[in-house]
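To start, the structure under review is shown below, and the notes come after it.
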Amino acid sequence: MNQQQILRLPSLWLAVLLTMTLLACSDVQKIEINSILDARDQAVSNSDIAAYSKLLLKDYQDHDQTKISVVARMINLFSQFDTTRMQSFDRKIVLLDDDHAQCEQSYHLKVQRGGVWREITQREQLYLIRTSAGWRISGGL
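For reference, each letter of the sequence shown is one residue, going 1 to 141 in the numbering used here.
Structure, rendered in structure tokens:
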């Protein structure tokens with residue numbers, strides 16, 4: 001190795017370490033986002049409006065929908081059915097920056113009333129914002 005190659009070696013290691021650190025940060029953020037989205041499935045499956053509401057950004061505003069209107073829609077859904085089950089899958093999370101993310105996923109929703117089950121499968125695109133309390137759903141519902 002010549003002197004010029006030896007001088008480049010620390011720069012290469014620094015670049016590798018920086019890349020690994022950035023990847024580790026994005027992995028942690030994606031784990032946190034997956035946790036929020038899994039908690040949404042659980043809240044819907046348990047008809048737990050309080051848990052569901054906590055997952056939404058306080059100032060949720062998307063296509064004329066506010067947090068209040070989204071929560072009201074879910075209260076209505078829960079009141080119409082004896083049992084509700086939700087499972088999301090095929091999730092793809094994209095970190096737009098340190099505090100904003102987009103998730104595309106499919107979900108399977110099963111509802112039961114009077115012993116009769118109905119089900120739908122749909123694809124959705126959700127938006128999330130990181131707050132001091134963690135990631136919250138900010139759009140797409």
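For every residue, glycine included, the Cβ atom is placed at its ideal position computed from N, Cα and C. Since we're looking at a predicted model, the values are computed, not measured.
Per DSSP, the beta bridge partners of residue 95 are 101. Exclusion of the five residues before and after residue 30 leaves 93 as the residues of its chain whose Cβ lies within less than 6 Å of its Cβ. When secondary structure is reduced to three states using DSSP, residue 60 falls in the coil class, being assigned neither helix nor strand.
Here residue 97 has no same chain residue with a Cβ atom under 7 Å from its own Cβ, once five neighbours each way along the sequence are excluded. Secondary-structure assignment with DSSP links residue 112 through a beta bridge to 83, 117. For residue 78, the CB contacts under 6 Å within the same chain, skipping 5 residues up- and downstream, are 47 in chain order. Contact between residue 103 and residue 128 holds, with the beta-carbon distance rounding to 7 Å and staying under 8 Å.
A direct Cα-to-Cα measurement between residue 66 and residue 115 gives close to 33 Å.
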